[in-house]
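In this note's numbering, the protein residues as written are 29 to 190. Quick reminder that beta carbons are idealized off the backbone N, C-alpha and C, glycines included. This one's a predicted model, so the numbers in the text were calculated from it and none came from an experiment. Notes for the one structure printed next.
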């Protein structure tokens with residue numbers, strides 16, 4: 029069976045998501061993401077918790093990151109908070125009963141995601157993180173650009189001389 033590049037990309041993302049699925053009472057995880065990566069974490073809670081996930085991008089200095097949080101059957105209380113901190117700024121979201129959260133942020137350098145809560149009844153949450161870093165042009169791109177500009181300049185100079 030031949031694996032096409034698109035299928036391989038989907039397969040790799042699925043493998044990363046499956047490998048990163050965690051069920052724990054409290055968590056602190058350090059995760060390094062390459063370009064265009066993502067994962068999902070599912071955790072089940074019975075008591076107050078504070079889960080922190082640290083991220084580092086190897087693909088560039090900043091990334092466009094999409095967070096999706098589904099609170100499942102946790103009834104969040106007034107002390108529940110979601111804090112996202114990068115190396116430049118801190119974005120804090122606090123709300124009573126935050127069953128859903130969907131946000132896209134541009135984050136710089138390493139960042140951390142902390143979710144604290146006190147479930148009224150036992151339940152769980154699912155956190156999805158997807159990151160895309162900006163593409164960096166290859167040196168060949170600039171060489172081709174300069175060659176094209178040189179060709180246009182040569183043609184313009186030749187026409188002006190006629």
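Straight across, the Cα-Cα distance linking residue 145 with residue 78 is about 7 Å. Taking a 10 Å sphere around the C-beta of residue 172, we find fewer than 16 other C-beta atoms and assign the residue as exposed.
Taking the Cα positions, residue 138 is about 38 Å away from residue 175.
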